[in-house]
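As you go down the protein sequences, you meet chains A and B in turn. Read in order, the letters of the first sequence correspond to residues 1 to 225 in full-length UniProt numbering. Read in order, the letters of the second sequence correspond to residues 1 to 225 in full-length UniProt numbering.
Protein chains: 2
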Amino acid sequence: MDEIAKALPKSGPPAPEIADWIRSQIRASRFVPGQRLVEVDIIRRTGGSRSKVREAFQRLAAEGLLEIEEFRGASVREASLEEVSQLYRARAALEGICAADFTRVATDDDKQQLREIAEKMETCVEAGSAEQFGKLNSDWHSMIMRVTGNHVIAELVSRLNTPVHHLLFQSFYRGNRMTKAIEDHRAILDAIMNDDPEGAEKAMRQHVENGLEFLTSLDKALFGN
Amino acid sequence: MDEIAKALPKSGPPAPEIADWIRSQIRASRFVPGQRLVEVDIIRRTGGSRSKVREAFQRLAAEGLLEIEEFRGASVREASLEEVSQLYRARAALEGICAADFTRVATDDDKQQLREIAEKMETCVEAGSAEQFGKLNSDWHSMIMRVTGNHVIAELVSRLNTPVHHLLFQSFYRGNRMTKAIEDHRAILDAIMNDDPEGAEKAMRQHVENGLEFLTSLDKALFGN
DNA sequence: GATGACGAAATTGTTGACAATATCATTGGC
DNA sequence: GCCAATGATATTGTCAACAATTTCGTCATC
């Protein structure tokens with residue numbers, strides 16, 4: 001009978017939640033590459049315990065997002081241009097094969113949905129809302145991988161993207177990246193609609209490579225090396 | 001002047017070393033999927049402290065090798081056949097693109113080395129030494145990725161392989177897997193020697209898919225579902 | 001003999017204190 | 001004013017004790 005209220009004895013957020021929070025901070029460039037993440041700071045801002053925070057650090061380090069040095073703690077790892085380039089090559093391979101698989105297994109309804117997202121993105125270009133464009137762009141790429149049902153690849157691509165997420169969003173604000181992306185998407189969609197897996201794969205690879213090229217030129221413009 | 005001997009105050013192996021040890025145990029099927037890894041046990045066998053062992057668990061969990069449940073600790077994660085299938089699709093994409101890149105950038109010397117490894121593997125078939133064959137097979141695939149210089153992909157493929165490493169080695173003992181692999185490698189090498197990147201990519205993908213098919217039939221034979 | 005309640009043992013989660021190291025400010029010398 | 005040595009502070013690494021939970025054996029009951 002003694003019903004204990006239990007009253008949410010929630011001592012603090014679990015480690016995965018803390019890891020998510022840090023990830024989101026990095027994606028939002030609230031934490032920038034090279035920045036040190038001191039334990040006490042994260043504890044204060046998340047309410048987690050030290051062990052939880054340290055656990056989160058370990059996991060993020062295993063994901064390649066943080067770097068942990070002896071007695072110096074965790075810091076946001078910064079990807080060199082060379083590494084970003086290799087990373088995009090991996091993305092091209094993975095998303096390329098997904099585009100081909102999508103073409104084979106997607107229903108007409110799936111394809112229609114994909115087209116609708118692409119159309120929404122076009123309106124964003126006119127409205128100049130890069131923020132919304134970035135969100136829809138994520139949805140577009142995600143949908144292709146989701147429909148193929150390959151969670152392993154979806155997870156891999158998501159991880160590969162995290163380190164350059166902030167650069168991606170910045171890139172949409174610059175030059176003609178958005179219009180170029182629209183063109184690429186249209187080419188991919190055309191191949192999909194024509195039931196041409198190889199064509200879709202090729203177009204998707206080109207799209208990813210274009211993204212890298214744009215990022216490279218953006219890097220040159222920003223840091224001029 | 002008081003030179004302190006310092007006498008190796010090594011209290012125990014660092015966390016990464018413990019993680020390596022666990023990884024090797026899993027690869028050698030000394031630890032099998034589903035098996036629980038109790039902290040005290042690992043501490044006794046590695047000499048590491050509890051925090052170190054727990055750190056190692058965290059990292060391995062992030063790599064997808066272990067599963068950690070609240071108050072139940074770590075256990076070796078078992079990949080379903082469905083997941084293995086998705087994993088092989090990812091490998092096909094990544095190793096395929098590497099085969100193409102290898103064809104483009106490899107020197108004649110690189111290609112010659114690759115051929116030599118393949119030839120050594122053929123002698124293994126005759127000698128029936130599956131162990132050595134497995135080792136050389138790893139070398140062969142690794143070399144292609146190493147020459148392309150894409151460490152990101154090499155790392156990804158290595159991680160993707162770990163969960164099925166023991167199955168892989170088992171497969172070489174069975175049926176005609178080795179001779180089939182030799183054929184595949186020859187086809188890939190032919191394309192490479194003919195400076196045909198697309199052909200090399202296609203052949204590599206087929207090779208990986210064949211590996212999956214063999215693993216699937218092996219699974220059916222073992223567990224008959 | 002099967003089943004469920006109960007309690008002891010085993011195992012993991014959490015916290016705090018202390019040790020080792022790095023980082024920073026201060027001081028003294030040039 | 002600049003630079004190196006020095007000490008104080010901040011930060012991380014490590015360990016041990018305690019709390020929470022699961023797991024396993026025991027026993028009573030049907």
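Every residue, glycine too, gets a C-beta built ideally from N, C-alpha and C.
For this session: Note down, in chain order, each residue of its chain lying with its Cβ closer than 8 Å to the Cβ of Ser-85 (chain A), except the 5 sequence neighbours on either side.
Result: Here residue 85 (chain A) is taken as the residue at index 85 of the first sequence, counted from 1. Counting only Cβ-Cβ distances below 8 Å, and skipping sequence neighbours, we find Leu-212 and Thr-216.
For this session: Report buried or exposed for Gly-48 (chain A), applying the criterion of at least 16 other Cβ atoms within 10 angstroms of its Cβ.
Result: To locate residue 48 (chain A), count along the first sequence from 1; it is residue 48. Gly-48 (chain A) counts as buried, since at least 16 other C-beta atoms from the protein chains shown sit within 10 angstroms of its C-beta.
Exercise. If you measure from the CB of Glu-95 (chain B), is any heavy atom of the ligand SAH nearer than 6 Å?
Worked result: Ligands in the displayed structure: none, and consequently the ligand SAH is not present.
For this session: Kindly list, in the order they appear in chain A, the residues whose Cβ is closer than 8 Å to that of Arg-89 (chain B).
Result: Locating residue 89 (chain B) in the second sequence gives position 89, counting from the first residue. Per Cβ cutoff of 8 Å: Ile-97, Asp-101, Asn-150, Val-152 and Ile-153.
For this session: Could you tell me whether the Cβ of Ala-79 (chain B) comes closer than 7 Å to any Cβ of chain A?
Result: Indexing the second sequence from 1 puts residue 79 (chain B) at position 79. No - not a single Cβ of chain A is within 7 Å of the one on Ala-79 (chain B).
Problem set entry | Reference Gln-206 (chain A), options A:Phe-102, A:Tyr-173, A:Tyr-88 and A:Leu-60, closest by Cα | Translated into the one-based positions of the first sequence, residue 206 (chain A) becomes position 206. The shortest C-alpha separation from Gln-206 (chain A) is found at A:Tyr-88.
Exercise. So the beta strand (DSSP E) Ala-74 (chain B) belongs to, where does it begin and stop?
Worked result: If you number the second sequence from 1, residue 74 (chain B) lands on position 74. 73-76 is the extent of the beta strand (DSSP E) around Ala-74 (chain B).
For this session: Compare the Cα-Cα distances from Ile-42 (chain A) to each of A:Gln-170, A:Lys-52 and A:Gly-34 and report the closest residue.
Result: Within the first sequence, numbered from 1, the residue matching residue 42 (chain A) stands at position 42. Between Ile-42 (chain A) and the set A:Gln-170, A:Lys-52 and A:Gly-34, the nearest pair of CA atoms involves A:Lys-52.
Problem set entry | Residue from B:Glu-69, B:Ser-24 and B:Gly-12 whose Cα sits closest to the Cα of His-166 (chain B) | Translated into the one-based positions of the second sequence, residue 166 (chain B) becomes position 166. Of the listed residues, the one whose Cα sits closest to His-166 (chain B) is B:Ser-24.
Exercise. Arg-91 (chain B) and Val-157 (chain B) look like a contact to me (Cβ under 8 Å); what is the Cβ gap, rounded to whole Å?
Worked result: Here residue 91 (chain B) refers to the residue found at position 91 of the second sequence. Here residue 157 (chain B) refers to the residue found at position 157 of the second sequence. Contact holds; Cβ gap of about 6 Å.
Exercise. Does any C-beta atom of chain B lie closer than 7 Å to the C-beta of Gln-206 (chain A)?
Worked result: Residue numbering aside, residue 206 (chain A) sits at position 206 when the first sequence is read from its first letter. No - not a single Cβ of chain B is within 7 Å of the one on Gln-206 (chain A).
Exercise. When the Cα atoms are used, what is the spatial distance from Glu-201 (chain B) to Val-40 (chain A)?
Worked result: Your numbering for residue 201 (chain B) matches position 201 in the second sequence. Your numbering for residue 40 (chain A) matches position 40 in the first sequence. Distance between the alpha carbons of Glu-201 (chain B) and Val-40 (chain A): 50 Å.
Exercise. Taking Cβ-Cβ distances shorter than 8 Å, what residues in chain A pair up with residue 226 (chain B)?
Worked result: The shown model of chain B, from 1 to 225, leaves out residue 226 (chain B), and the question about it has no answer.
Exercise. CB Val-147 (chain B) to CB Asp-110 (chain B), shorter than 7 Å?
Worked result: On the second sequence, position 147 is the one that residue 147 (chain B) refers to. On the second sequence, position 110 is the one that residue 110 (chain B) refers to. Yes, these two residues count as a Cβ contact at 7 Å.
Exercise. Excluding five sequence neighbours on each side, which residues of the same chain lie with their C-beta closer than 8 Å to the C-beta of Ala-79 (chain B)?
Worked result: Here residue 79 (chain B) corresponds to residue number 79 of the second sequence, with the count starting at 1. Pro-33, Leu-87, Pro-163 and Val-164.
Problem set entry | Per-residue burial, Glu-131 (chain A) [other beta carbons within 10 Å of its own, 16 or more giving buried] | Reading the first sequence from its first residue, position 131 is the one you call residue 131 (chain A). With fewer than 16 other Cβ atoms within 10 Å, it is exposed.
Problem set entry | Integer Cβ distance of Ala-118 (chain B) from Leu-189 (chain B), believed to fall under 8 Å | Looking up residue 118 (chain B) in the second sequence gives position 118. Looking up residue 189 (chain B) in the second sequence gives position 189. Their Cβ separation, rounded to whole angstroms, is 6 Å, which keeps Ala-118 (chain B) and Leu-189 (chain B) in contact under 8 Å.
Exercise. Is the shortest distance between the beta-carbon of Ala-191 (chain B) and the beta-carbons of chain A less than 7 Å?
Worked result: Counting from one through the second sequence, the residue named residue 191 (chain B) turns up at place 191. Answer no: the Cβ-Cβ gap between Ala-191 (chain B) and chain A never drops below 7 Å.
For this session: For my contact list, Thr-123 (chain B) and Asp-196 (chain B) are in at a C-beta cut-off of 8 Å; report their separation, rounded to the angstrom.
Result: For the purposes of this step, residue 123 (chain B) is identified with residue 123 of the second sequence, where counting begins at 1. For the purposes of this step, residue 196 (chain B) is identified with residue 196 of the second sequence, where counting begins at 1. Between Asp-196 (chain B) and Thr-123 (chain B) the Cβ distance is about 27 Å, and since that is not below 8 Å, they are no contact.
Exercise. DSSP state of Glu-126 (chain B), grouped into three classes?
Worked result: To locate residue 126 (chain B), count along the second sequence from 1; it is residue 126. Correct three-state label for Glu-126 (chain B): helix.
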